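The first sequence begins at 62 in my numbering and counts up one residue at a time. Think of the CB as a built atom: it goes at the ideal place given N, C-alpha and C, for glycine as much as any other residue. None of these values were measured; they are calculated from a predicted model. Contents: one structure, followed by commentary.
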Amino acid sequence: MPEGHTLHRIARDLHAAFAGRVVSVSSPQGRFAAGAALLDEHAVVEARAHGKHLFVEFAGERVLHVHLGLIGTFTIDATAYVGERPVVGQVRCRIATDDHAADLRGPITCRVITPDEESAVHHKLGPDPLRDIDGDPAWERIRRSRKSVAALLMEQDVLAGIGNVYRCEVLHRHRINPMTPGERLKRTSWELIWSDLRRLLPLGVATGRIVTVAHEVQEIESALLEGEDVHLDERTSYVYKRTGQQCDRCGSVIRAKDVAGRTLYWCGNCQRRS
DNA sequence: TAGGGATGGGTAA
DNA sequence: TACCCCTCCCTAA
62 MPEGHTLHRI ARDLHAAFAG RVVSVSSPQG RFAAGAALLD EHAVVEARAH GKHLFVEFAG
122 ERVLHVHLGL IGTFTIDATA YVGERPVVGQ VRCRIATDDH AADLRGPITC RVITPDEESA
182 VHHKLGPDPL RDIDGDPAWE RIRRSRKSVA ALLMEQDVLA GIGNVYRCEV LHRHRINPMT
242 PGERLKRTSW ELIWSDLRRL LPLGVATGRI VTVAHEVQEI ESALLEGEDV HLDERTSYVY
302 KRTGQQCDRC GSVIRAKDVA GRTLYWCGNC QRRS
């Protein structure tokens, strides 16, 4: 679930449900009881995301900082009735009003921080395609590194919000060899990557899914332009989790390799650009 | 129906 | 490098 688009979508939904409202905050599971007590019966000012980090600002200079990790989820639902909503599973934190309930499960980070501490988190993150127009700070890091572009795209202090799916897919979309060292990546290649991520991530926010295949990208973009609801039943990718299948573009067999503990998928035949 | 792997990343060893 | 968070989805039976 959680690459950057997921967190921005959650921030958007939390903001719509709770901004300007006094909320109840609890920890049904118990592990966040002390933090919840600091936020309970305070007003939500704003919810925002930077990369995979989520911040919910409350009145009184208190900020809820959440990172979902690999398995965390944060669901926001309109409640059909007033009152206590049944707790299902291990709910670390619940934010609720009379008409909405948001349940956080399985996060790697859930803590209350100060605005200064939030600034420190932002400071450690690279530019986020959903938040920043200028990607050059990432390029300055990449062009000085001997690590592969595949590794660099995953480093959150280089570029914030990109995970394994977007990195594999964006490199395939532009025929870039994932093993190219950052210092040998062409500036034009970087510009293609950055502008493409700026295009693709908002589609992820809008649909709640990672969309990278051209005909789906176009379908969703035109639907959004028309203000229509977007409906996608098929889950497709060019290379992600397609080991052994044929590359749509050249017919070669898609390969997989563990790169720094994560599975990189790519086509060794048509991804040759640097 | 059970079991394993993953769209992450910090910390301990 | 191993473990943890303990969810969700997919596959094998």
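Taking just the CA atoms, how far does Ala157 sit from Thr67? As a first step, residue 67 must be located in the first sequence, where it is residue number 6. As a first step, residue 157 must be located in the first sequence, where it is residue number 96. Approximately 20 angstroms between the Cα atoms of the pair.
How many Å lie between Leu246 and Gly312 at the Cα? Walking along the first sequence from the start, residue 246 turns up at place 185. Walking along the first sequence from the start, residue 312 turns up at place 251. Leu246 and Gly312: Cα-Cα distance of roughly 25 angstroms.
Excluding sequence positions up to five away, which residues of its chain have a Cβ less than 6 angstroms from the Cβ of Ser87? As a working note, residue 87 is residue 26 in the first sequence. These residues qualify, in order along the chain: Ala97, Arg155.
Would DSSP call Cys328 helix, strand or coil? As a first step, residue 328 is located in the first sequence; it is residue number 267 there, counting from the start. Here Cys328 sits in coil by DSSP.
Name the two residues that bound the continuous beta strand (DSSP E) containing Asp138. Locating residue 138 in the first sequence gives position 77, where the first residue counts as 1. Its beta strand (DSSP E) spans residues 134-139.
Run through the DSSP bridge pairs and tell me what Lys318 is partnered with. As a position in the first sequence, residue 318 is number 257, starting the count at 1. Paired residues: Leu325.
Which of helix, strand or coil does DSSP assign to Val182? Position 121 of the first sequence, counted from the start, is the residue given in the question as residue 182. Val182: helix per DSSP, three-state reduction.
Could you check which residue in Glu230, Pro239, Arg259, Glu244 has the C-alpha nearest to that of Val320? Translated into the one-based positions of the first sequence, residue 320 becomes position 259. Nearest C-alpha to Val320: Pro239.
Secondary structure, alpha helix (DSSP H): runs of 4+ residues fully inside the stretch 217-258: 225-234
At what residue ranges does the stretch 142-173 contain a whole run of the beta strand (DSSP E), taking only runs of 3 or more? 154-157, 161-166
Can you pull the DSSP bridge partners for Ser209? Along the first sequence, read from residue 1 onward, the residue named residue 209 stands at position 148. Paired residues: Pro242.
Please state if the CB of Val173 and the CB of His114 are separated by a distance shorter than 8 angstroms. Stepping through the first sequence from its first residue, residue 114 is reached at position 53. Stepping through the first sequence from its first residue, residue 173 is reached at position 112. Their beta carbons are not under 8 angstroms apart, which means His114 does not touch Val173 by this criterion.
Check each candidate in Leu165, Ile132, Val291, Thr140 and name the one with the smallest Cα separation from Val117. Start at 1 with the first residue of the first sequence, and residue 117 comes out as number 56. Minimum Cα distance to Val117 is reached at Leu165.
Here's the rule I'm using: 16 or more other beta-carbon atoms within 10 Å means buried, otherwise exposed. How should Thr324 be labelled? Stepping through the first sequence from its first residue, residue 324 is reached at position 263. Flag for Thr324 reads exposed.
Nearest neighbour of Ser85, chosen from Leu100, Ala77, His76 [CA to CA]: Taking the first sequence and counting its residues from 1, one reaches residue 85 at position 24. It is Leu100.
In three-state terms, what does DSSP make of Arg310? On the first sequence, residue 310 is found 249 positions in, with the first residue counted as 1. Three-state result, Arg310: coil.
Along the chain, where does the alpha helix (DSSP H) that runs through Leu115 open and close? Position 54 of the first sequence, counted from the first residue, corresponds to residue 115. Counting along the chain, Leu115 falls outside any alpha helix (DSSP H), though it belongs to the beta strand (DSSP E) covering 114-119.
Alpha carbons only, please: which of Ala139, Val210, Arg123, Ile169 is nearest the one belonging to Asp159? As a first step, residue 159 must be located in the first sequence, where it is residue number 98. Among Ala139, Val210, Arg123, Ile169, the Cα nearest to that of Asp159 belongs to Ala139.
Quick one: grab the DSSP three-state call for Arg358. Nothing about residue 358 can be reported from this structure: the residues present for the chain run from 62 to 335 only.
Looking only at its own chain, which residues have a Cβ that is under 6 angstroms from the Cβ of Gln306, when we skip the five neighbours before and after it? For the purposes of this step, residue 306 is identified with residue 245 of the first sequence, where counting begins at 1. Within the same chain, Gln306 has close Cβ partners Ile315.
Any idea which residues DSSP pairs Leu125 with across the strands? One-based indexing of the first sequence puts residue 125 at position 64. Paired residue(s): Val117, Val173.
Report yes if the C-beta distance between Pro176 and Leu262 is below 8 angstroms; otherwise report no. Locating residue 176 in the first sequence gives position 115, where the first residue counts as 1. Locating residue 262 in the first sequence gives position 201, where the first residue counts as 1. Their beta carbons are not under 8 angstroms apart, which means Pro176 does not touch Leu262 by this criterion.
Any idea if Gln332 is buried or exposed, counting beta-carbon neighbours within 10 angstroms, 16 or more meaning buried? Counted from its first residue, the first sequence places residue 332 at position 271. It counts as buried.
Taking Cβ positions, are Ala77 and Glu107 nearer each other than 8 angstroms? By one-based count along the first sequence, residue 77 stands at place 16. By one-based count along the first sequence, residue 107 stands at place 46. Not a contact, by the Cβ cut-off of 8 angstroms.
Of all the options Ala267, Ser250, Leu214, Ile203, which has the alpha carbon lying nearest to the alpha carbon of Arg243? If you number the first sequence from 1, residue 243 lands on position 182. Checking the sequence shown, residue 243 turns out to be Gly, not Arg. Among Ala267, Ser250, Leu214, Ile203, the Cα nearest to that of Gly243 belongs to Ile203.
In the DSSP assignment, what residue or residues form a beta bridge with Val105? Start at 1 with the first residue of the first sequence, and residue 105 comes out as number 44. Paired residues: Ala80, Phe119.
Is the beta carbon of Trp327 less than 8 angstroms from the beta carbon of Cys171? Mapped onto the first sequence, residue 327 falls at position 266. Mapped onto the first sequence, residue 171 falls at position 110. The answer is no: Cβ separation not under 8 angstroms.
Endpoints, the alpha helix (DSSP H) within which Pro198 is located: Residue 198 sits at position 137 when you count from the first residue of the first sequence. Here the alpha helix (DSSP H) through Pro198 covers 197-203.
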